[in-house]
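One structure is given below, encoded as structure tokens.
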Amino acid sequence: MMVPTERALHEAIQVAPLDLPDDVKRQKIENLLAQMRLSGATARKIQKVFLSEMNKGIHQQDSSLQMENTYIPELPDGTEEGLFLALDLGGTNFRVLLLELVHGVIVREDVKKYHIDAHLRVGSGIPLFEYLAECVSDFVISEGLQDVELALGFTFSFPMIQHSLDVGILVTWTKSFNCPDVVGKDCVALLEEALERRGDTRVKVVAVLNDTTGTLLQGATQDPETAIGLILGTGSNACYLERADKVEHWEPERHGEREVIIDIEWGAFGDNGVLDFIKTDFDRQNDANSLLVSSFTFEKYISGKYLGEVVRCILVKLSKDGLLFTRETPESLLIPGNFLTDYISLIEQDTVDGGSTNAKEVLSKFNIIPDEDDLKIIQYVCEVASNRAALLVSICVATLLDHMKREEVTIAVDGSLYKHHPRLQSWMKQYISLLTPARKFKLMPTQDGSGKGAAIVAAIALRLKKRLESAK
Ligand code: GLC
């Protein structure tokens, strides 16, 4: 017999049944989508696997989780001061920021966005880094700061092996970047070399970080209990505060650090096959249609870059099986990448509101005029895919909370999917509570950690350096 908490978990993660007049059709659709629905027992199994992968990663054993040391051993304490540059690279926009900190508070923020063309995101990395340096110098010159020595925090939101706070070796590209010649190279050195070749500014990279790290730090300026940074956007990942004595990969000399931020890189969870038991036909298609096949398995189940594609694969299958749309599958729906994750958020909003305006508008982009059944089916598909994503993220967060064993944890969260999806936040709150009832936690929306956090890290890096020098 199922214990009551397990039953509550199992029941909470079930989505509302599909309500169609034709029972046979409904049954067929539900059967097809059954592979996307996880039971409470499966959720528990994923939890165990995630914990085991985390432990292996932290102990430097084979694992799909990198558990990378970021070498950030402390949170902002209100003494951060000065003018800093920040770079944010991870999505299609590249941002350069100038931030001024006074007593740990940002008092000035100038930001400029630069678009990164598709041809720079794939192919050789040399033009990409030349372009990044060009944007930095354009920004610095427009601020009139070309003769000022500026410390820069570089948010490079890709998996890195860090040898120190200012060395980040790219492990693999993710999301929409793929410049193979950068893999195995230090992104800081590449940027500094490109800046030196230009020679028109005096910028020095003092720290490299991940967007989750920036989010944790930015969150910590708002709530001192912040100990996890979570991104649910184009990609997905989290970092957390770990006890320093547990961390085996530590290259520079230690200086009595008590804690350190660990970048989990959970997007790669399952790349070694440990999550194959939840992989569906739709996930296999989604992977096959992606830029980097067979990598970042978990990210492909949950993040904004991929969720729309999972839904598209399901809709195409239903349409081809004669269960959706009376006409042939529309050409434009057959094109990978054409169903955006933002469409899911819009359709989910209809479900919340009890209407179908957004769904009709989304479908009109594909020249589809849906009937009543089509609308219900599409809403159901969007709900099933988003709900699975919410559950999977919640499983990892709950496991992390159990692993951290803190009294109370605030989770700083950022990312477009988290912000735009109308139900993710409440599902996550409910699922995390059910998965780990004894833990106290708060999900705290956090703005622009990847920009502001970079300036905070740069300030912390300078503080650490000064402290070391004065101890000599
Ligand atoms: C990808 C990157 C990771 C980043 C995440 C969110 O998973 O590998 O470093 O944190 O996207 O942007």
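Residue numbers (this note's numbering): 174 to 645.
Glycine included, C-beta positions come from ideal geometry on N, C-alpha and C.
The structure displayed is predicted, hence computed values, not measured ones.
1) By alpha-carbon positions, which one of 220, 329, 249 and 213 ends up nearest to residue 266?
2) For the structure I just gave you, are there three or more beta carbon pairs, one from the region 329-342 and one from the region 285-301, closer than 8 Å?
3) Exposed or buried, residue 190, counting other C-beta atoms within 10 Å across all chains shown (16 or more means buried)?
4) Rounding to the nearest angstrom, what Cα-Cα distance links residue 511 and residue 279 in this structure?
5) Between residue 442 and the ligand GLC, is there a pair consisting of the residue's CB and a ligand heavy atom that are separated by less than 8 Å?
6) Could you give the C-beta distance for residue 581 and residue 432, rounded to a whole number, given that I count them as a contact under 8 Å?
7) From 240, 607 and 194, pick the residue whose C-alpha is nearest to that of residue 411; which is it?
8) Ignore the nearest five residues each way along the sequence and tell me which others in residue 387's own chain have a CB closer than 6 Å to its CB.
9) Just how far apart, CA to CA, sit residue 347 and residue 196?
10) So for residue 614, helix, strand or coil by DSSP?
11) Assess contact between the region 570-586 and the region 223-231, defined as three or more Cβ pairs (one per stretch) separated by less than 8 Å. Is contact present?
12) I'd like to confirm something about residue 472: is its beta-carbon nearer than 8 Å to some heavy atom of the ligand SAM, or not?
13) Can you tell me the Cβ-Cβ gap for residue 420 and residue 231, rounded? I've got them flagged as a contact below 8 Å.
14) Rounded to whole angstroms, what's the CA-CA distance from residue 489 to residue 539? Just pull it up for me.
15) What residues in its chain sit with their C-beta under 8 Å from that of residue 532, if we drop five residues either side in the sequence?
16) Is the Cβ-Cβ distance between residue 629 and residue 326 less than 9 Å?
17) Say whether chain C places a C-beta atom closer than 9 Å to the C-beta of residue 536.
18) Mark residue 530 as exposed unless 16 or more other C-beta atoms lie within 10 angstroms of its C-beta, in which case mark it buried.
19) Checking the sheet assignment: what are the DSSP bridge partners for residue 485?
20) So within the region 266-352, which uninterrupted beta strand (DSSP E) runs reach at least 3 residues, ignoring any that extend past its ends?
21) For residue 312, count the other beta carbons within 10 Å of its own beta carbon; 16 or more makes it buried, fewer makes it exposed. Which is it?
22) Mind checking which residues open and close the alpha helix (DSSP H) that includes residue 394?
23) Comparing the CB of residue 383 with every heavy atom of the ligand GLC, is any distance shorter than 8 Å?
Once the coordinates are examined:
1) 329
2) no
3) exposed
4) 39 Å
5) no
6) Rounded, the Cβ-Cβ distance is 16 Å, inconsistent with contact.
7) 240
8) 328, 622, 623, 626 and 627
9) 42 Å
10) strand
11) yes
12) You won't find the ligand SAM in this model; what it holds is the ligand GLC.
13) 7 Å
14) 12 Å
15) 519, 520, 523, 543, 548, 551 and 552
16) yes
17) Of the chains in the structure shown, none is chain C; there is only one protein chain.
18) exposed
19) DSSP output for residue 485 lists no bridge partner at all.
20) 266-275, 278-288, 323-329, 333-337 and 340-343
21) buried
22) 384-395
23) yes
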